[in-house]
Structures are given as C-alpha cells and as structure tokens.
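Peer 1: In my numbering, the protein residues as written are 18 to 332.
C-beta: ideal position from N, C-alpha, C; glycine also.
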Ligand SMILES: Nc1nc2c(ncn2[C@@H]2O[C@H](COP(=O)(O)OP(=O)(O)OP(=O)(O)O)[C@@H](O)[C@H]2O)c(=O)[nH]1
Ligand SMILES: [Mg+2]
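(1) Between residue 73 and residue 39, what straight-line distance do the alpha-carbon atoms span, to the nearest angstrom?
(2) Residue 150 and residue 101 - do their beta-carbons sit closer together than 8 Å?
(3) With a threshold of 7 Å, establish whether the CB of residue 31 neighbours any heavy atom of ligand 1.
(4) Going by beta carbon distance, what residues of the same chain come within less than 8 Å of residue 308, once the five residues before and after it are set aside?
(5) Keeping to the same chain, check which residues put their C-beta closer than 8 Å to that of residue 163; ignore five residues upstream and five downstream.
(6) Along the chain, where does the alpha helix (DSSP H) that runs through residue 185 open and close?
(7) Check whether the Cβ atoms of residue 138 and residue 105 sit closer than 8 Å, and answer yes or no.
(8) Measure the alpha-carbon distance for residue 297 versus residue 240 and round it to whole angstroms.
(9) Would you list the one or two residues that DSSP bridges to residue 134?
(10) Once you ignore the five residues that flank residue 173 on each side, which residues in its own chain have a CB closer than 8 Å to its CB?
(11) Evaluate the contact criterion for the stretch 126 to 137 versus the stretch 47 to 56: three or more CB pairs, one atom per stretch, below 8 Å.
(12) Once the 5 residues before and after residue 288 are set aside, which same chain residues still bring their CB inside 6 Å of it?
(13) Would you kindly work out how many angstroms separate the C-alpha atoms of residue 107 and residue 113, rounded to a whole number?
(14) Taking the alpha carbon of residue 375 as the point to measure from, which residue in 58, 194, 144, 165 has its own alpha carbon closest?
(15) Comparing alpha-carbon positions, which option in 279, 227, 264 lies nearest residue 41?
(16) Buried or exposed for residue 201, going by 16 or more other Cβ atoms inside 10 Å?
(17) If we count the other Cβ atoms within 10 Å of its Cβ and call it buried at 16 or more, is residue 186 buried or exposed?
(18) Using three-state DSSP, classify residue 331 as helix, strand or coil.
(19) Can you list the alpha helix (DSSP H) stretches of 4 or more residues lying completely in the stretch 139 to 164, in chain order?
(20) To the nearest whole angstrom, what separates the beta carbons of residue 190 and residue 66, a pair I think is in contact under 8 Å?
(21) Between the alpha carbons of residue 50 and residue 188, how many angstroms are there, rounded?
(22) Please report the Cβ distance between residue 220 and residue 203, rounded to the nearest whole angstrom; I am assuming they are in contact, meaning their Cβ atoms lie under 8 Å.
(23) Residue 82 to residue 89, Cα distance in whole Å?
(24) Cβ-heavy atom distance between residue 9 and ligand 1 below 7 Å?
(25) For the candidate residues 120, 78, 209, 254, whose alpha-carbon lies nearest to that of residue 318?
(26) Is the Cβ-Cβ distance between residue 207 and residue 230 less than 8 Å?
(27) Between which residues of its own chain and residue 146 is the CB-CB distance below 8 Å, once the five residues before and five after are set aside?
(28) Would residue 26 and residue 64 be called neighbours here (beta carbons separated by less than 8 Å)?
(29) Just mark residue 181 as buried or exposed, buried being the case when its beta carbon has 16 or more other beta carbons within 10 Å.
(30) For residue 144, verify whether its CB is less than 7 Å away from any heavy atom of ligand 1.
(31) Determine whether the beta carbon atoms of residue 331 and residue 115 lie at a separation below 8 Å.
(32) Between 122, 213, 295, which lies nearest to residue 314 when the distance is taken from Cα to Cα?
(33) Just mark residue 268 as buried or exposed, buried being the case when its beta carbon has 16 or more other beta carbons within 10 Å.
(34) Taking the alpha-carbon positions, what's the residue 266 to residue 259 distance?
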C-alpha cells in the first residue's frame, strides 16, 4: 500500500512518519536533516497492513524533479493514500503552485484515490497561521476536488498529527478486505483464548506499539513502548546468564525464544506478556490470582491458538 507524504521542506513529514510508525518520541526528531529526494520505507501497520511510505524531501530542487515529465508517473502513480503537509508558520509564495501540481499529477496518475489529506502542521507554535493557510490552499478549488480534500490543523510535537495519521490509516484498513479478514481471524483467536483461560487478551504491534486487537474490542490506548525495551533487555543480559547456566548443566537444546515471556504479579491478578513474533506482543490479564488460571494462561501461551496467531500477522 503506497502512502505519499508530500509538501514543502521542513513541514514535518519525516518527523510524522518516524514518530507514528517507529514510535519515536518528538525529542528524537528535533534535529532531522532534510530528506534527500525520495525516501521509501516499509512498515507494518497494526500488524495487519503493509505500508510503503514515500517520504518526499520538499526542497525546491526535488519538487522540480517530482513534477518533471520523466518522474511524475513514478512518483504519483498507484498511491492509495496521499498526505500533503505544510508548516503553518511559513506561507511561501509558491506553495499554492506546488499544491496545485501535486493535486494535478496525483489525480492524473492515481485517479481512483478517494481522499486527499492536508495536514496544517506546527499549530503548537504561537505564530502558526493555519486559517490563512487553509484559505491559500482552498481558494477557488473546484467543488469536486474540495469534496476529496480533508484539511486538519495538527502538531507532531503535541501528538495530534500522529493521531490523525493513525485515523487515516485505520480507515484504509477498513477498506482493505485482506486486512479485515486477518483482523477477524485474530479477534476470533483472542476470544477463544479468553473463553479457555478466564483472562483478557491484548495484542500489540511492534515497533509502533499500537493495539492490533483485544478481547475488549476497540480501545483507545497509548502505544506500548516500555514492553519493547524490557523484552530487549531480557534478550541481552538474562539470556546470557541463562545460556551459561544451561551450559553448566550440559543442556544443549534451549532456545532464546523461551525467554520471551514476562510475568507481572499484582494483588488481584497476573499479567503475562509474550512475544508472538518479531512483529507482535500478546498481553494476558487474568481474572483472578488462582494458580490454575495462571497455569491455564501459561499453557495457552504455548498452545495452538497462540501459534495460529502468527499465521494472520504480517511480520
Ligand atoms: N514546533 C514544531 N516543530 C515541528 C513539528 N513537526 C516537526 N517539527 C520540526 O520541524 C523540523 C523539520 O521537520 P522534518 O520532519 O525534517 O520536515 P520534512 O517535511 O521532512 O522536511 P524535508 O525532508 O526537507 O522535506 C524538525 O526540526 C522538526 O523537529 C511540530 O509539530 N511542531
Ligand atoms: Mg523529511
């Protein structure tokens, strides 16, 4: 699925992509260098949809190239989703011309595109002029085109831009039959696990940390970030000690993956977290603290349904 990220230099395109798809925090994108021409990156969104993000460096010399006769088809064809992003503080005199060209070639080479998203970024800055920018970009656009366009004032710094991009991509999941089938199967497996083990389950995608599915249905949760770190830590040091102990005991058939489960214990339940694959993490929350329930979940995490989950996730 090809996602176009387009717009003038410094708009925040690369920041948006990295913070949304890689779970980076804003500090980590403060000093990004300008993107040199076309940067293409692949991500798995929510574990069920492959994204091919075309992050197009916005400096003028690149713009000329994207619109040139020899390049425009390659850049603008086969786009599923297109996002035009601007820095709302800086209204350059040529931005409307860039926007018009973007729309022209996008509609010419991806005529089936339904929605075009415009993000007016950096509204956290006191000098941002998103209302003026809206006027500049929408002035005298024809009605049919206006229907396709959705303008949203956002901020990557404050998180609303990421929220909006996730919303846009979730809408793409809903339109994608294959992704919806995958999601249906995953939900079914989680529900089976719940019934069999008296526990609730949440499945998260790595590395963006977004929820893929849960036995609670739709939930608005913060991305799971700490888990990545803790599992990473386990892999690096506990595994070494484990390895030595196994060798001291002359045991040779131990595997690294068996160290991918973390258990938390609270006054009223157990929380177990296990990596399903490189791409996903499953979290189980037991209904009570009975040991049978705990061992039921442990069995389930080593059972068929757990294995089957892998089949429906893209890794
Ligand atoms: N204050 C503020 N700064 C932002 C925001 N989003 C991005 N920035 C900053 O804007 C600068 C440019 O961001 P980039 O993501 O590199 O912009 P870009 O659109 O990829 O630029 P090109 O690659 O040159 O096209 C960075 O220093 C970001 O930290 C925002 O919402 N608020
Ligand atoms: Mg960039």
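Peer 2: Result, derived from the coordinates:
(1) 18 Å
(2) For the 8 Å CB-CB criterion, residue 101 and residue 150 do not form a contact.
(3) yes
(4) none
(5) The answer, listed in chain order, is 155.
(6) 177 to 192
(7) yes
(8) 12 Å
(9) According to DSSP, which records beta bridges pairwise, residue 134 is partnered with 100, 167.
(10) 29, 32, 33, 36, 43, 46, 138, 139, 179
(11) no
(12) Excluding residues within five positions, the ones whose Cβ falls inside 6 Å are 281, 302.
(13) 12 Å
(14) Outside the modelled stretch of the chain, which goes from 18 to 332, sits residue 375, for which no answer is possible.
(15) 227
(16) exposed
(17) buried
(18) coil
(19) 147 to 155
(20) So it is a contact: roughly 5 Å between Cβ atoms.
(21) 31 Å
(22) The pair is a contact, with the Cβ atoms about 7 Å apart (cut-off 8 Å).
(23) Straight-line Cα distance between these residues: approximately 8 Å.
(24) Any property of residue 9 remains undetermined from this structure, which presents the chain solely from 18 to 332.
(25) Of 120, 78, 209, 254, the residue nearest in Cα terms is 209.
(26) yes
(27) 105, 106, 108
(28) no
(29) buried
(30) Flag unset: Cβ of residue 144 not near ligand 1.
(31) no
(32) 213
(33) Residue 268 should be labelled exposed.
(34) 11 Å
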